[in-house]
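Undergrad: Just so it is clear: in the sequence shown, position 26 is 25 by numbering that gives the first Met the number 0, and no numbers are missing.
Quick reminder that beta carbons are idealized off the backbone N, C-alpha and C, glycines included.
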Amino acid sequence: MKRIAILASGSGTNAENIIRFFRTHPLGRVDLVLTNKPGAGVIQRAESLKVKTVVFGREQFYHSREIVDLLKERKIDLIVLAGFLWLVPPALISEFNGRIVNIHPALLPRYGGKGMYGSHVHEAVVASGDAESGITIHHVNQEYDEGSIIFQAKCKVMEGDSAETLAGRIHSLEYEHFPRVIEALLDQL
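1. How would you call A130, buried or exposed, if buried means at least 16 neighbouring beta carbons within 10 angstroms?
2. Starting from N101, follow its DSSP beta bridges and name the residues at the other end.
3. Counting C-beta neighbours from all protein chains within 10 Å, is the total for T34 16 or more, i.e. buried, or is it exposed?
4. Would you tell me roughly how many angstroms separate the C-alpha atoms of D68 and Q151, rounded to the nearest one?
5. For a test of the three-state rule: what should DSSP assign to R19, helix, strand or coil?
6. Quick check on this structure: which residue in G111, G146, L6 has the alpha carbon closest to the alpha carbon of V53?
7. Quick check on this structure: which residue in M0, G97, K155 has the alpha carbon closest to the alpha carbon of I223?
8. Going by DSSP, what residue range makes up the alpha helix (DSSP H) through I149?
9. Using CA coordinates, which residue listed in K36, A4, L184 is at the minimum distance from S10?
10. Quick one: using the 10 Å Cβ neighbour count with 16 as the cut-off for buried, is L188 buried or exposed?
11. So, I75 versus H138, is the Cβ gap smaller than 8 Å?
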C-alpha cells in the first residue's frame, strides 16, 4: 500500500477530500498531514479522520533535514500539496524527485507564480475578462507553479462572476479530479 503525505496551509477542504477518498482504497492512504500554520483548519480535519498531523516552522523546513527525514521514516511514496503556500526546498525536491504534486486554481501557465493563490487568482481571472478558468495539477519543482503539467480541467467564467462564485466552481473541479489524479499517480509508482 502506497503512503501519501499532504502539505497544507489552510482550512484543509482538499486535504479532507483526499483523506476520505483513500480511507478504504486498496492502492494507498494518507499517512501524514504537515502544516506550517499552527491554527490551520487542516489540523482539526485531519485529526478528526485519525490522520497524524505535524506542525513545522520555517527553520525545520528550509534549514534542516527534519521534514525530509520524517517523510522518509514514514515511507512516504507521494507528497501532495493542497493549499500549501511555501516554496518547496531543494532538499525535499531532490529526495522526492517526481513524487511531489500541487494543485493550482487556474489554467497554468496563466495566473501562476508567487502570490497567486486562492482569491488572488480568481480576482485576476475575473478582472481579465477570460472566458474560462480551471485547475492545474502539476509536478513541483524549485519555482512556483512551473513544474510539468499532469492534468487540467476547465470551467466557464460566467458573465457577472465574482471571485467567490468562480471559486465555487473551481473547488468543485478540485474535489472531483484531484483524488483521481493522485490515484493514477500512485498506480504508476
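TA: Quick answer:
1. exposed
2. L80, H137
3. buried
4. 32 Å
5. helix
6. Looking at the Cα atoms, L6 is the closest of the given residues.
7. As displayed, the chain neither begins before 0 nor continues past 188, which places residue 223 out of reach and without an answer.
8. Element bounds for I149: not the alpha helix (DSSP H) but the beta strand (DSSP E), 148-155.
9. K36
10. exposed
11. no
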